[in-house]
Amino acid sequence: MEEPTNLELLQRFRRDRHELLCFLLSASLVKKVVMPPGAVSLDDVDLDQVSVDYVLECTKKGGVLELSEAIKAYYDELNVPPGVGSGSGKAYFLVTTPESSGPPPPRVPPQISNNESLASSASLSKTYSLRSAPSQQLSVDDEIDDFEDEEEDDGSMEYTSRRRLNDASDLLLALPSFKTGLLDDDLRETAYEVLLAAAGASGGLILPTKEKKKEKKSKLMRKLTRSKGEKTQPQPQQALGLSGLLDIMRIQMEISEAVDVRTREGLIHAAAGRVGKRMDSLLIPLELLCTTSQTDFSDKKSYLRWQKRQLNMLEEGLLNHPAVRIDASERMVTELRALLMKIEEAEGLPSPASVTQRTESLKAMREVALALAERPARGDITGEVCHWADGYHLNVRLYEKLLHSIFDTLDEGKLVEELEEILELLKSSWRILGITQTIHDTCYTWVLFRQFVLTGESDLLQHATQHMKRIAFDGQRSTQERLYMRNLRCSLDNIDGYKELTFVQSVLIPIKQWTDKRLVDYHKNFPEGSSIMEGIVTAAMVAGRLIAGESDQTGVMRMTSTAEMAAVSKQTEDYILSSIKAAYERVLESVDSKSEAAHEHPLAVLAEDVKALAKRESTIYAPILSRWNPLSTAVSVSLLHNLYGKELKPFLDGVSHLTEDVASVLPAADTLEQCLVELLSSVCKDGDADSHYKQQMPPYQIENISGTLIMRWINTQLGRISEWVERAIQQEKWESSSQHRNGNSIVEVYRIMEEVVEQFFSLKLPMRIPQLNGLLSGLDNALQAYTQKVVGQIGAKGDLIPPTPILTRYKKETGIKAFTKKKLLDPRLPDDRRSSQINVLSTAKLCVRLNSLHYAVAQLNRLEDSIRERWEQRRLHNNVSSGRSSDDSDLKQRRVIANRPADVFSTAFDGTRKAVNAAIDKICEFTGIKIIFWDMKGSFIDGLYKDSVSQARMETVVHSLDSVLVQLCDVIVDPLRDRVVIGLLQASLDGLARVLLDGGPSRVFSQADAKLVEEDLQILKEFFMAGGDGIPRGVVENAAALVQQILKLYSLETHAVIENMRHASEQMATGSNAHRNGNKTANDADTILRVLCHRSDSEASNFLKKQYKLPKSAG
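The opening position of the sequence shown corresponds to residue 652 in the numbering used here, with each subsequent residue numbered one higher.
Below is the structure:
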């Protein structure tokens, strides 16, 4: 016989291993086999991937075999080196080559005890490997199978929430507790029994089959493996049907399958024994007690707990909270209580006696309990309804437990997908529990709201608020429901004694109290506002409206009435006042520590904190609260203004002079007041409301105090500036330097003014336009005083111009000799002292004065821009609303002006600019006249055209002017160069006109000389135009117009000049002379007369002798 090959041995080993596992798993050697996910029977499991060692170990222990762990152990064993067991369980022989494993360990391994070995094996079985991915999914199946197949001793199942639940201990129904001590679990399990009975009435109560279990298990698998944040994608599916919906309800209510099966069997057996009665008309606790025995439970403890619950439910439903009133002294009440006690006592008796007493008691109880339960109520026929669970308030507590099934068991903040189907199913329990639409709406609101409190899920709050609005008022209910609802009352013992509440009040008052507790300090409970706060405010308002409606029971929807809107507005105002006061107290508590850390006065720190509080109120909370009170911001602003005013008033009463504390507190308080007034004005569009709240906000009067202090300071500083201007002028030498061309005095004046401005804006006190005007006016006056002193030192220009010589007529024989006579002293000439003063005023010093004045204007623009910029920065913090009330009308007007700062600066320094501009013109004119009539008097005024035109021409004068002009341009600043040169041009032309018209007896001109003089005039004009680099031609031509006209007269014949003289004299006599400003013109009789006086012509001389009796030149 041929030996089997390795392949055949492997196939035989695999087949034998498969048969061994099938035997172990199918026989009763293992207590229970838990299938992996997706597997229904062993046919769905690959036994080649199941660890035989793990199965044998479970078989020895007689425990539960989890095939998912067996598969995981199989893959874990693949990572262990293959070996051959020695039978002892402690020594192994490696099949691999020892050489490839390295040297043996140098020490002997420690002994391992049996316990440590088991712990190590357990730890190894739960380790992860690269091929253990399937085992991570199998862990979910463990929960499913335990959930489906294992019988819980307490009859319920628990799930671990995926979110941390909040504390809701302060939100409880305003209902009395049960005398029997019923727990929430008792109510939940009984509620499920009621639901099964209600479903059985429609024929939908059947025992679950294997196929339905598999379908349900797959659906639950999808739920359990869904992450918390994962959204369920809607999938097309068939209707669940009543059986599937009940299965979902069982899972949602955390009822184990064993309890479900036991309850279904009991109800079905009870209905079979009560032929002709609907299942929902059965006395369910009694029927279950009769059809369920201790053998249906895993242990006696679970049975006794279950029996106790059923007995307590009978006592509460029939005796303590009956739907039909019953006297506690009636015989049936006493009998029922005694029978309940006997059933409990029977469990402590020996076996035969216990069974006998329990059976007899149940038989007697059936007669008494049914007699109590089937008493007619509200006009129903006996036997139609069994009144055992519809008594108030047991019915609403049971219905509350049913409604809790709408929440996802793994994420309590979400509603289940089958919400609509579940709510429709719950309507079937209304007949048993005595639920109406109003009771349902009220209970549903409560369940949603309390779940919101537990989870913080805003969607639940929105749903609760929306459903709360559906709760009908007393007048909106039907007549039958109105009578029924008015009987649903309970009494509660509180601080004020016993208080009777309706059912709606019992539900909504705790909600209202919970919301009020959060909203009376919403700054603390809702630091960021959020939609949750908005929903809570809405819930509080709707709950308050419904509670008031229950108290009045008028049936009028009060939200549409003016009184209701006023009540809502008052409620919102109460929230604001309470929360603002609480927040303000917290701010006060932290002021001292902040003051010490920031080294500021506590009132300054408090003002900043109050301002921050007001802004948070207006931006975060006002948009929410304004829905219920449009003037919510006004309420908070007026309260904060008054709260801070109480702290500020003692400080203001003690202010007498400027100190560091005053400089710290006043700006902060003023800024706070401005902020509050602006917030008030932004919301009070109605004049009456605006006036009402402003009356509640008396001004702090900071402006009056601050304005007085600032004006005192400004006057002191302006006095210093005036003294500094006087000192700077006295010390000024009017000498330029390499660093600057202006004098030092103007630099010092601006330095002291800038220091004052810097100190002014560093005061940090509240400033208004009056204080700014005082500063600007003082600076403007100081600069004008400086300008006047600069101009006043140069004197009058008349001191520079020599007196006009007397008029004479031409005499040929003695015309020239007149100049040889002794020169007499003219009393009209300046004295020696004035002459020395004029000589000190050199051209360079005059230019330095001009440069200083130009520097004053240039720096004035910079100073003005600096003040404007700083004022705008201050105005951002100190902008006052023009509508703010004040007792001082002038102060109110100044606040109006404060919104137009451009008006202040547009004319602030106009006086200085005008004074400086006029001073520059005067000094430029003075400089030109001094150069021509004083410095160049000998060469120009006295020397030009002396003796004859041909012997003293303009070239000599122009040469001197050139050197003077070079010196002048070296000192004067470029912006003033043209103005100074124009002044020199005008003085030169005036000097030329002086020579032509008032040159004295030494100057005579013939008709032929006019051409030479015109050439000289052209030379003078070309000199100032400088080939296009100097004065513009138009300016020069306009300035030379008079001289040009004078030369035109000299170019005429003598008789023509005489005719012009006569014509001008006639016009002067008739008063028709157009020129009356005193300036000479060519058509002026005085000008023509002087031309004739200087005409070297006998005809002219005779005319002057005859008409004007003028003496001859020699005379």
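Glycine included, C-beta positions come from ideal geometry on N, C-alpha and C.
Cβ-based neighbour list, residue i, same chain, cut-off 8 angstroms, excluding 5 preceding and 5 following
i, result
"Ile651", "Any answer about residue 651 is impossible in this case: the structure gives the chain only from 652 up to 1766."
"Leu1331", "Thr1284, Ala1285, Val1288, Ser1289, Asp1341, Tyr1344, Lys1345 and Met1348"
"Ile1198", "Val1155, Gln1156, Leu1159, Ile1160 and Lys1163"
Beta bridge counterpart(s) of residue i as assigned by DSSP
i, result
"Leu1066", "Phe1058"
"Arg1746", "Phe1656"
"Leu716", "Val684"
"Arg1513", "None; Arg1513 has no bridge partner."
"Lys1763", "Arg1460"
6 angstroms Cβ shell around residue i - same chain, five flanking residues per side excluded
i, result
"Arg1727", "With a pLDDT of 46 at Arg1727, under the threshold of 50, the predicted position of this residue should be treated as unreliable, and no value is reported."
"Gln1368", "Val1407"
"His1252", "Asp1312, Ser1315 and Val1316"
"Pro973", "Gly1042"
"His1174", "Ser1230 and Ala1234"
"Leu1475", "Low confidence applies to Leu1475: its pLDDT is 40, below 50, so where it sits in the model is not reliable enough to give any reading."
Buried or exposed by the 16-neighbour rule on C-beta atoms within 10 Å, applied to residue i
i, result
"Ser1079", "buried"
"Arg1419", "buried"
"Asp697", "exposed"
"Phe664", "exposed"
"Gln1156", "buried"
"Asp1621", "exposed"
"Tyr1235", "buried"
"Gly1370", "exposed"
"Gln1381", "exposed"
"Leu775", "Unreliable positioning characterises Leu775 in this predicted model, as indicated by a pLDDT of 33, which lies under 50. The coordinate reading is nonetheless provided below. That one is exposed."
"Arg1402", "exposed"
"Leu1070", "exposed"
"Phe674", "exposed"
"His1044", "buried"
"Lys952", "exposed"
"Ser1182", "exposed"
"Arg1654", "buried"
"Gly968", "buried"
"Asp1310", "In the sequence under discussion, the amino acid at residue 1310 is Thr, which differs from the Asp named in the question. Classification of Thr1310: exposed, given that the 10 Å Cβ count is below 16."
"Val1617", "exposed"
Cβ separation of residue i and residue j, assumed to be a contact under 8 angstroms, to the nearest whole Å
i, j, result
"Val1316", "Arg1392", "Wrong, their Cβ atoms sit about 49 angstroms apart, outside the cutoff."
"Ala1191", "Asp1225", "With 8 angstroms as the limit, Ala1191 and Asp1225 do not qualify as a contact, their Cβ atoms being about 11 angstroms apart."
"Met1136", "Thr1089", "6 angstroms"
"Tyr1295", "Val1376", "With 8 angstroms as the limit, Tyr1295 and Val1376 do not qualify as a contact, their Cβ atoms being about 45 angstroms apart."
"Ile1361", "Asp1321", "Their Cβ separation, rounded to whole angstroms, is 12 angstroms, which puts Ile1361 and Asp1321 out of contact at 8 angstroms."
"Ala1249", "Val1238", "About 14 angstroms; that fails the 8 angstroms criterion."
"Leu1595", "Val1609", "Wrong, their Cβ atoms sit about 11 angstroms apart, outside the cutoff."
"Cys1744", "Leu1458", "5 angstroms"
"Leu962", "Leu991", "5 angstroms"
Own chain, CB closer than 7 angstroms to residue i, minus 5 neighbours either side, in chain order
i, result
"Ile1682", "Asp1629, Val1632, Ile1633, Leu1636, Phe1675 and Met1676"
"Ala850", "Leu856, Leu893, Leu897 and Ser1079"
"Ile1122", "Thr1089, Asp1092, Thr1093, Thr1096, Val1155 and Leu1197"
Does the segment 981–998 touch the segment 915–931, meaning 3 or more C-beta pairs lie closer than 8 angstroms?
no
Could you tell me whether the segment 1632–1652 touches the segment 1687–1698, where touching means 3 or more Cβ pairs closer than 8 angstroms?
yes
For the 8 angstroms Cβ check, are there 3 or more pairs between the segment 839–856 and the segment 1086–1103?
no
Closer than 8 angstroms is the cut-off here; do at least three beta carbon pairs connect the segment 1037–1048 with the segment 943–962?
no
Below 8 angstroms, can you find three or more Cβ-Cβ pairs linking the segment 840–852 to the segment 1050–1062?
yes
Spell out a yes or no on whether the segment 1489–1504 and the segment 1578–1585 are touching, meaning 3 or more CB-CB pairs, one atom from each, closer than 8 angstroms.
Counting C-beta pairs closer than 8 angstroms gives three or more between the segment 1489–1504 and the segment 1578–1585, which meets the contact rule.
Is the segment 916–923 in contact with the segment 1012–1024, if contact means three or more CB pairs nearer than 8 angstroms?
no
May I ask you to verify whether the segment 1396–1411 touches the segment 1444–1457, counting CB pairs closer than 8 angstroms and requiring at least 3?
no
Contact between the segment 1558–1574 and the segment 1414–1431 is defined here as three or more beta-carbon pairs at a separation below 8 angstroms; is this criterion met?
Verdict: yes, contact present.
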